[in-house]
Each structure stands twice: as structure tokens, then as C-alpha cells.
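Here's the structure we're looking at; comments come further down.
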Amino acid sequence: MGIYVHIPFCRSKCYYCGFYSVASTQLKKAYIAALGHEIQLRKDYLDTSEVKTLYFGGGTPSWLSMDELTDIVTTLEMNFALNCVAERTIEANPEDITRDKLKGWRALGFDRLSIGIQSFNDEVLKRINRTHTAQDALRSVEWAADSGFENIGIDLILGLPGYTRLHLQQDMEIVNHLPIIHLSVYLLSIDSNTVFEKLMQKGRFQPQTDDELADQYLWVSDYLKSIGFEHYEISNFAKNSKYSLHNTSYWQQQKYVGFGPAAHSFDLNSRQWNVAHLKSYIDNLANDRLSFEKEILTDKDKFNEYIMTNLRTMWGIQEEKMQLQFPDFSKTVRPKLAPFLENGSVVCQNGRIRLTEKGWLVSDDVFSDLFVV
Ligand code: SF4
11 MGIYVHIPFC
21 RSKCYYCGFY
31 SVASTQLKKA
41 YIAALGHEIQ
51 LRKDYLDTSE
61 VKTLYFGGGT
71 PSWLSMDELT
81 DIVTTLEMNF
91 ALNCVAERTI
101 EANPEDITRD
111 KLKGWRALGF
121 DRLSIGIQSF
131 NDEVLKRINR
141 THTAQDALRS
151 VEWAADSGFE
161 NIGIDLILGL
171 PGYTRLHLQQ
181 DMEIVNHLPI
191 IHLSVYLLSI
201 DSNTVFEKLM
211 QKGRFQPQTD
221 DELADQYLWV
231 SDYLKSIGFE
241 HYEISNFAKN
251 SKYSLHNTSY
261 WQQQKYVGFG
271 PAAHSFDLNS
281 RQWNVAHLKS
291 YIDNLANDRL
301 SFEKEILTDK
311 DKFNEYIMTN
321 LRTMWGIQEE
331 KMQLQFPDFS
341 KTVRPKLAPF
351 LENGSVVCQN
361 GRIRLTEKGW
371 LVSDDVFSDL
381 FVV
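Quick note on this note's numbering: the sequence shown kicks off at 11 and runs consecutively.
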């Protein structure tokens with residue numbers, strides 16, 4: 011099982027970001043107390059399952075002071091057996107990364123660092139309201155490697171305003187010389203309640219076309235493969251099989267518990283998500299109340315999720331396993347695959363059904379055709 015902790019504070023909102031966070035630290039102290047309380051109240055959510063991965067995401071976990079972070083990790087350690095954890099990840103923004111913090115994170119057992127860089131071009135970073143520069147980004151990776159982090163990953167986004175094919179090539183040249191072994195490359199999507207959504211509605215922002223994005227995606231994928239990365243999930247690349255264990259556990263539908271506003275939890279049969287409102291989250295916990303919504307998964311939901319999560323990865327669907335787990339629904343899959351096999355979006359090899367790179371670009375179409383409704 012995995013544990014996810016959401017730290018919902020950011021210096022300012024990036025224009026593309028749809029994750030739940032607030033651009034103020036006014037409630038930080040109250041939040042950390044409420045989070046500790048939620049951890050205690052939920053400690054039996056996943057019975058006696060062994061914790062395999064711990065992930066601090068956000069928001070901006072790297073913005074926490076060492077005392078605040080230590081406080082949260084200590085509470086987790088008091089309530090869960092973390093001695094078998096195989097991966098402890100902390101997400102960090104370049105401007106927060108100092109040699110002292112890196113040392114402190116390692117002392118707390120974090121062995122994987124995921125740095126939100128998005129682009130190595132200062133003009134592009136300004137246009138999306140990031141609070142770091144390309145120089146900060148380069149320095150942060152260098153310091154992380156110096157401090158002993160061997161598992162360093164970064165995030166980049168394709169399709170940002172003003173981000174051209176030339177920028178992309180320059181960024182990939184930089185990636186090639188960085189001591190990183192994991193890279194997440196996202197295509198810009200216009201999420202609800204973001205500045206980009208508002209600008210688009212006012213006609214002041216025109217996203218790149220699907221064809222332009224597809225061209226960049228396929229180019230990046232080829233380039234990264236040529237320098238030793240494996241494209242193991244729609245948006246994720248790794249060297250030396252250093253896949254993100256935490257995220258892979260989501261795609262393999264393992265159990266997880268999430269703490270903090272908007273965090274999700276999954277126990278194989280139901281999914282629940284905490285209220286995406288910091289003040290309500292804190293107020294409810296002050297009254298010993300958890301505030302979440304819950305959905306019980308039907309057999310159809312489980313099958314559809316199985317299709318969607320497995321086809322996201324290079325391992326794809328193991329047909330025999332699918333037939334055992336979903337004897338009725340699995341019969342519907344093969345007949346629906348014909349057009350995708352024909353146009354090269356899907357391949358069936360060695361008992362597995364997989365999407366190709368081209369297939370990942372149209373994955374939503376494949377998923378919706380294979381879903382049982
Ligand atoms: S991208 Fe990260 S830093 Fe920017 S607003 Fe979203 S959570 Fe905060």
C-alpha cells in the first residue's frame with residue numbers, strides 16, 4: 011500500500027495548475043495540527059497492509075520548514091509501520107532547494123526527489139507564473155545530486171505559451187546532461203478554474219493544436235529513448251528501471267491512503283476523496299470529523315479502471331489475468347480492438363495488450379471504446 015500526503019500551499023498559483031492548493035500560508039500551523047489528527051483517525055483505513063511507498067505531494071511540500079516536515083513524518087511513523095517502505099518521495103520546487111534542506115530530507119528518510127521544473131526557459135517560466143528561474147532549476151538538480159540523492163526526477167510540460175520546438179530541443183539537450191533518472195513530460199491541458207482557462211475564454215490564449223503537441227510528444231519520446239530512458243507510462247520516462255514505485259502502484263491498482271484536502275484513498279472496493287477546501291478540512295478535524303465523499307465501485311467500474319490504468323503503462327493488460335479477474339467483461343475486449351490494431355494504436359504480443367506511442371496519444375478514445383457501460 012502507499013501513503014500520500016498533500017501539502018496544499020504554494021507561493022502563487024501557476025497559470026496552468028488545477029491541483030488543489032492555496033497561495034497563502036496563513037493556515038499552515040492549523041493545517042499541520044489537523045493533518046496529524048487525520049493521520050490518527052485514519053490509521054486503520056487499510057488494516058494491516060504493509061506500507062511500501064510514501065509520497066509527499068502538493069502544493070509545495072518543499073516549502074515546509076524542517077520542523078514542520080519532521081512533525082508530520084513523526085506522526086506517520088507513530089501510526090504506521092514504515093520500516094518496509096521502499097521509496098520515500100518528496101516533491102520540491104527549485105527555489106526551495108538548499109543544501110541544508112536536502113540534508114534534512116535525507117535524514118528524514120526521503121530517497122527520491124521529484125523537482126517541478128516545467129521548462130528551462132526563463133521567458134516561458136514567467137509566462138506561466140513560476141517563481142523560479144532556469145538557473146535555480148539547474149542548481150537545484152546539481153545540489154540534490156551532490157547531497158547524495160541518486161533517485162532524482164524532474165517534470166516538464168509541453169505546449170506552454172511561447173514554447174517552441176527549438177525550446178524543446180534545448181531543454182532535451184539540458185536533460186541529457188543532468189544527473190536525473192526520471193522524467194515526467196506532460197502535455198499542457200486546460201483545467202477548470204485555472205488562469206489559462208479564463209484567458210482562453212476571453213480569447214487571450216490560444217493553446218497549441220493537437221497535431222503540434224503530438225509532434226512534440228513523439229519527438230521527445232524518441233529523443234529520450236535514444237539517451238537511455240524507457241517510456242514506461244504515457245507521461246513518464248525512467249532510466250535503469252527506476253520507475254516511480256508510488257505512481258506505479260496507482261496504475262497497478264494497489265491500495266493507498268491519502269491525507270490532506272483533496273487527497274484520494276482507495277481500498278480496492280471503494281474510492282474516497284477529502285473535501286477540497288482547507289478551512290473546512292481544518293474545522294471538521296477540530297471536531298474529530300473526517301470530511302470526504304465516497305464511491306463504492308461496481309464490477310463495471312473496477313473493470314473500466316483496470317483497462318484505463320493498465321493501458322497507461324508499457325506493461326499493458328495481461329490477458330490471462332484480465333480473463334480470470336473479469337471473466338464476462340474481458341470477452342468484450344478483443345472484438346473492439348480490431349480498428350486500433352489496424353491503425354497501429356494497439357499491439358497484442360505475448361499475451362499482453364499494449365498501447366503504442368501513437369496509441370498513448372489517443373488513449374482516451376481507446377479507453378472509452380473498451381469501457382463497459
Ligand atoms: S504547479 Fe505546483 S507550485 Fe504551481 S500552483 Fe500547482 S501545485 Fe503549486
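From the three backbone atoms N, C-alpha and C, an ideal C-beta is built for every residue, glycine too.
One alpha carbon belongs to Leu188, the other to Lys62, and they sit about 28 angstroms apart. For Val372, there is no enclosing beta strand (DSSP E), since its DSSP letter is neither H nor E. If you ignore the 5 residues before and after Lys265, its C-beta comes within less than 7 angstroms of the C-beta of Met11, Leu56, Ser59, Phe276, Asp277 and Leu278, all in its own chain and listed in chain order. The DSSP-derived three-state label of Trp325 is coil. The criterion of a C-beta distance shorter than 9 angstroms is not satisfied by Thr99 and Ser259.
Phe90 carries a coil assignment under DSSP once its states are collapsed to helix, strand and coil. Set against 8 angstroms, the gap from the CB of Thr99 to the closest heavy atom of the ligand SF4 is not smaller. Residue pairing for Cys358: DSSP places it in a beta bridge opposite Ile363. Proximity to Gly69 across Asp106, Glu97 and Asp77 peaks at Asp106, based on C-alpha coordinates. The C-beta distance from Leu45 to Phe269 rounds to 6 angstroms, short enough to meet the 8 angstroms contact threshold. In the structure shown, Lys304 falls within a strand segment according to DSSP collapsed to helix, strand and coil. Contact annotation: Asp146 and Pro104 have beta-carbon atoms nearer than 9 angstroms.
Per DSSP, the unbroken beta strand (DSSP E) holding Trp283 starts and ends at Ser280 to Asn284. For Asn246, the number of other beta carbons within 10 angstroms of its own is at least 16, and it is reported as buried.
Taking one beta carbon from each stretch, the stretch 321-340 and the stretch 364-380 have 3 or more pairs nearer than 8 angstroms; the two touch. Apart from the 5 residues on each side of it in sequence, Asn294 sits with its Cβ closer than 6 angstroms to the Cβ of Ser301 in its chain, given in chain order.
In the three-state DSSP reduction, Gly163 falls in the strand class (E or B). Annotation for Val134: no beta strand (DSSP E) segment contains it, though the alpha helix (DSSP H) segment containing it runs Asp132 to Arg137. Those residues that have a beta carbon less than 6 angstroms away from any non-hydrogen atom of the ligand SF4 are, in order along the chain, Cys20, Lys23, Cys24, Cys27, Phe29, Ser31, Gly68, Gly69, Thr70, Asn103 and Gly126. DSSP places Phe66 in the uninterrupted beta strand (DSSP E) bounded by Thr63 to Gly68. Residue pairing by DSSP places His241 opposite Phe247 in a beta bridge. Between Lys53 and the set Tyr30, Ile82, Asp81 and Leu86, the nearest pair of CA atoms involves Leu86. Trp261 and Val343 have their alpha carbons spaced roughly 19 angstroms apart. Annotation for Val185: no beta strand (DSSP E) segment contains it, though the alpha helix (DSSP H) segment containing it runs Arg175 to Asn186.
In the structure shown, the three-state DSSP call for Ile190 is coil. Under the rule that a run must span 4 or more residues, the alpha helix (DSSP H) segments found entirely inside the stretch 16-77 read 38-51.
About 20 angstroms separates the beta carbons of Arg322 and Glu305, which is beyond the 8 angstroms limit, so they are not a contact pair. The Cβ-Cβ distance between Pro271 and His47 does not fall below 9 angstroms. Cβ neighbours of Phe313 within its own chain (closer than 6 angstroms, five residues either side excluded): Phe336, Phe339 and Val382. The C-alpha of Ser251 lies about 26 angstroms from the C-alpha of Lys113. For Glu152, the enclosing alpha helix (DSSP H) covers residues Ala144 to Asp156.
Shown here, Ser254 sits in coil according to DSSP, grouped into three states, outside any helix or strand.
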